[in-house]
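Numbering of the sequence shown is given in the numbering used here, commencing with residue 2 and proceeding in unit increments.
Take a look at the structure set out below.
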Amino acid sequence: MRQFLISVCILLFLSACGGNGNDLPPEATTSSAPETPIAEDDVHQEPVVFPTGEYENPFGDTRTRFTLTDSQQALFNSYSKDFNFDISLFKGASAIDVAQVFIECGIEGLWEGEYNLYYFKSRQVAKADFKAEFEKDLTTLDIRTRRDQANIVFPNLKDGTFVDAGDGSGYIEFDSVEQTADYENLYTVKMRMNFIKVDDIWQIDQNNMFTSE
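Below, the structure written as structure tokens:
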């Protein structure tokens, strides 16, 4: 059972964080704003209430592997303070810093923080729909599993190699799974997290978020 959980944890984490948006309805065929936005100005992050009841890590491994550097933690704190989610804070920041803060937003249930760091290359997803997908996730998955999933899927992200394609795009290449004796037949997968650069800010390519070799 544990091996099965490991094999699907990447899919679960991407679902919790919005993934590639495949389950969210497109609102336009370009990166322009939807023609009929659904009260976008009124759709914002609200405090997330974490369960306080009994919790058992479904992956069986309680060690913390996904961590932020001190500078990334400071960036996350500034970005999430009062739910401002101002992406101008990332101007000039590395793609790895953006990625790390993005994953931390997902762990903490800060859906608007994730949403603002996306670049919608081929189809726009309405903010209200993105929020609705997050709320749906909360009814099916204990939000506390997100950090456990990140400890397995993204421990090597901060040490990944960033490749600037030179055309306004780039990607972080990293090993997606931490090798550990706790799991049998666990193979590391080489992943790429894709980015688009806009106004000197690396944003996550929402329509092509992850690829693997």
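Every residue, glycine too, gets a C-beta built ideally from N, C-alpha and C.
message: I need the straight-line Cα distance from Glu-136 to Phe-51, nearest angstrom please.
response: Working through the sequence shown from its first residue, we reach residue 136 at position 135. Working through the sequence shown from its first residue, we reach residue 51 at position 50. Taking the straight line joining both Cα atoms gives about 13 Å.
- prompt: Unbroken alpha helix (DSSP H) runs of length 4 or more, entirely within the stretch 88-114: which are they?
  reply: 96-108
task: Assign Val-164 to one of three DSSP states: helix, strand, or coil.
output: Counting from one through the sequence shown, the residue named residue 164 turns up at place 163. Val-164: strand per DSSP, three-state reduction.
message: By the DSSP assignment, the beta strand (DSSP E) with Gln-204 in it spans what residues?
response: Here residue 204 is taken as the residue at index 203 of the sequence shown, counted from 1. Note, Gln-204: beta strand (DSSP E), 202-206.
- prompt: Roughly how many angstroms separate the alpha carbons of Gln-125 and Asp-206, rounded to a whole number?
  reply: As a working mapping, residue 125 is identified with position 124 in the sequence shown. As a working mapping, residue 206 is identified with position 205 in the sequence shown. About 11 Å.
query: Does the stretch 139-147 come close enough to the stretch 157-169 to have 3 or more Cβ pairs within less than 8 Å?
result: no
query: The beta strand (DSSP E) with Ile-197 in it runs from where to where?
result: Locating residue 197 in the sequence shown gives position 196, counting from the first residue. It spans 191-199 - the beta strand (DSSP E) in which Ile-197 sits, taken as one unbroken run.
task: Using DSSP bridges, identify the partner residues of Phe-67.
output: In the sequence shown, the residue the question calls residue 67 occupies position 66. None, per the DSSP bridge assignment.
Spatial distance of Ser-213 from Asn-195 (CA atoms): Numbered from its first residue, the sequence shown carries residue 213 at position 212. Numbered from its first residue, the sequence shown carries residue 195 at position 194. Cα to Cα, the separation comes out at about 11 Å.
- prompt: With a cut-off of 8 Å, do at least 3 Cβ pairs link the stretch 93-107 to the stretch 61-81?
  reply: yes
message: Tell me which residues share the same chain as Gly-169 and place their Cβ nearer than 7 Å to its Cβ, disregarding the 5 neighbours each side in the sequence.
response: For the purposes of this step, residue 169 is identified with residue 168 of the sequence shown, where counting begins at 1. Same-chain partners within the cutoff: Ile-197, Lys-198.
task: Determine the extent of the beta strand (DSSP E) in which Thr-212 is found, giving its start and end residues.
output: If you number the sequence shown from 1, residue 212 lands on position 211. Note, Thr-212: beta strand (DSSP E), 211-213.
field: Alpha carbon of Arg-209 to alpha carbon of Glu-57, nearest angstrom
entry: On the sequence shown, position 208 is the one that residue 209 refers to. On the sequence shown, position 56 is the one that residue 57 refers to. Looking at the sequence shown, residue 209 is not Arg but Asn. So the two alpha carbons sit approximately 33 Å from each other.
- prompt: So Gln-204 and Tyr-80 are in contact, right, with Cβ under 8 Å, and what is the actual spacing, rounded?
  reply: As a working mapping, residue 204 is identified with position 203 in the sequence shown. As a working mapping, residue 80 is identified with position 79 in the sequence shown. With a Cβ gap of about 13 Å, Gln-204 and Tyr-80 do not count as contacting.
- prompt: Bridge partners of Tyr-119, per DSSP?
  reply: Working through the sequence shown from its first residue, we reach residue 119 at position 118. Looking at the DSSP assignment, Tyr-119 forms a beta bridge with Ile-205.
field: Beta-ladder partner(s) of Ile-173, from DSSP
entry: Position 172 of the sequence shown, counted from the start, is the residue given in the question as residue 173. Per DSSP, Phe-163, Met-194.
task: Could you pull the start and end residues of the alpha helix (DSSP H) that Val-153 belongs to?
output: By one-based count along the sequence shown, residue 153 stands at place 152. What sits at residue 153 in the sequence shown is Ile, not Val. Segment 146-154, the alpha helix (DSSP H) holding Ile-153.
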